Amino acid sequence: MAKRYLILEDGSAYAGEGFGAGATTSGEVITNLNLLGYQETITDQIYHNQIIIFAQPAIGNVGINHDSYESILPTAKGMVVRDVTNISTNRLSRLSLDEFLQQHNIPGISGIDTRHLIRKLRQGAGPMKGSIVDVADAHAFDQLNATVLTNRQVDQVATPKPYPNPDTGKNVVVIDFGLKHGILRQLSERRCNVTVLPWTASAQDVLNLDPDGVLLSTGPGSPLDLGTGVLDMIREVQAEIPLFAIGLGHELFALANGAELKALPVEYHGSSHPIRRIITNDIIYATQGQGYAVIAKSIDRDRLITTYVDLIDGTVQGLRHRDFPAFSVQFFADGAPGPHESRDLFDEFMEAMTAREG
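For the record, in the sequence shown the residue sitting at position 223 is 223 according to the UniProt record's numbering, with numbers rising by one throughout.
Written out as structure tokens, the structure is:
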């Protein structure tokens, strides 16, 4: 493996060994604390244009399999790991991680002190731009500093046209902001007849399909960059049809109902995160990929009820509308990767659609 470098916009450089594609790449450097599911992570569109530092020290030991894709064409910019292995005894493995990254032109770098990097980013430095390069010279830093990261992530990863995922049950419209396949898998397990629409769809586009329910998907980037059209759509649709929102969809649901958001000083990406379900006071563990949070004091209590709260930082993790069968969660209810304790939220969505039928 050739020597390569991870360089950061603060001027620091970390030497390691390259694997995967030999491309030079730049993106926002973030940390992921999952101890499993590197394939689901690298193929999740919420990591669009990001270089992912993995806390799990050994990556690649289960290969790549057909069942763990969260998107067909991953758009992450790179992987940073402590150790990488291309030896797998997993019977489901079809490719090594190295082969997979080469196919999708995604570079990786190993031999990095990921503990130091994660501590640095989580204790004040926060997300910053970085590059994986062959030479950590002045030119490489100049190129990195001149790089402007896009704020049009959803445009770049969401479907531009509608498409079906057919079955014989409830008719569900999914609004794609950077859709995880785990969401489609959960709907398929419940025999839902799904139509996926682009995030630019109007309320009338949704209603014309006569859905039993609408799901707002996860996605990358800031919800504040998507404009008011999508908020208008949410306000119209929630008054007519049961609505379930996840991740970025949750943040947009909050904005559409008068709440405000704040950017977190450090993005949280990890699993087995403790979250309190307020109505029962029990604790569930869930997977998060969160850069923004609803400001609790901004919630209009005449419209929204807080349903879930993060037990580590106290952030709002779930909301429910008082007047309509509409609810949302910040965490990944599909549990891919991670705990499956929140998958019953899809059953709750099914019950809301059944109740609407009267």
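Cβ coordinates follow ideal geometry from the N, Cα and C atoms, glycine included.
Source: prediction; values computed, not measured.
With respect to isoleucine 132, threonine 25 sits close: the two C-beta atoms are nearer than 7 Å. Its Cα nearest to that of arginine 152, the residue Ile46 stands out among Ile46, Thr354, Pro339. In this structure glutamine 103 is exposed. Its beta-carbon is surrounded by fewer than 16 other beta-carbon atoms within 10 angstroms. In the three-state reduction of the DSSP assignment, proline 198 falls in the strand class, which pools E and B.
Listed in chain order, the alpha helix (DSSP H) runs fully inside the stretch 11 to 68 are 38 to 42, counting runs of at least 4 residues. For alanine 296 and proline 265, the gap between their C-alpha atoms comes out near 16 Å. Taking C-beta atoms under 8 Å as the contact rule, proline 242 and glycine 213 qualify, at a distance of about 4 Å. Valine 174 is bridged by DSSP to Val196, Leu215.
For isoleucine 246, the enclosing beta strand (DSSP E) begins and ends at 243 to 246. In the pairwise beta carbon analysis, the stretch 324 to 335 is classified as touching the stretch 179 to 195: at least three pairs are separated by under 8 Å.
Here glycine 63 is near serine 93, since their CB atoms are less than 7 Å apart. The three-state secondary structure of serine 71, taken from DSSP, is coil. Assignment of arginine 4 by DSSP, reduced to helix, strand and coil, places it in the strand class. In the structure shown, histidine 104 adopts coil according to DSSP, grouped into three states.
With at least 16 other beta carbons inside 10 angstroms of its own, threonine 31 counts as buried. By the criterion of at least three beta-carbon pairs nearer than 8 Å, the stretch 255 to 265 is not in contact with the stretch 2 to 19. Here glutamate 341 is near tyrosine 285, since their CB atoms are less than 7 Å apart. Apart from sequence neighbours up to five positions away, the residues of its chain that approach arginine 320 with a beta-carbon distance below 6 Å are Ile305, Thr307, Phe327, ordered along the chain. Apart from the 5 residues on each side of it in sequence, isoleucine 118 sits with its Cβ closer than 7 Å to the Cβ of Thr31, Ile53, Ala55 in its chain, given in chain order. Of the candidates Ile7, Met79, Ser12, Glu9, the residue whose Cα lies closest to the Cα of glutamine 39 is Met79.
Within 10 angstroms of the beta-carbon of lysine 120 lie 16 or more other beta-carbons, which makes it buried. Taking all protein chains shown into account, threonine 228 has fewer than 16 neighbouring C-beta atoms within 10 Å of its C-beta and is therefore exposed. A check of alpha carbon separations from valine 194 across Ser202, Gln204, Thr200, Ser217 identifies Ser217 as the nearest. The beta-carbon distance between glutamate 189 and proline 223, rounded to whole angstroms, is 28 Å. This is too long to meet the 8 Å contact definition. Around the C-beta of arginine 82, 16 or more other C-beta atoms lie within 10 Å, and the residue is accordingly described as buried. Contact annotation: the stretch 162 to 180 touches the stretch 196 to 205, with at least three C-beta pairs closer than 8 Å.
Collapsing the DSSP output to three states places serine 131 in a strand. According to the DSSP assignment, valine 206 belongs to the alpha helix (DSSP H) that extends over 203 to 207. The straight-line gap separating the alpha-carbon atoms of histidine 48 and leucine 187 is approximately 24 Å. Relative to the Cα of arginine 91, the nearest Cα in the group Arg301, Asn34, Ser12, Asn61 belongs to Asn61. Isoleucine 299 counts as buried, since at least 16 other C-beta atoms from the protein chains shown sit within 10 angstroms of its C-beta.
In the DSSP assignment, the residues bridged to proline 274 are Tyr285. If the five residues before and after leucine 73 are omitted, its C-beta is found closer than 8 Å to the C-beta atoms of His104, all from its own chain and listed in chain order.
Taking the C-beta atoms as reference points, glycine 124 is found no nearer than 7 Å to leucine 8.
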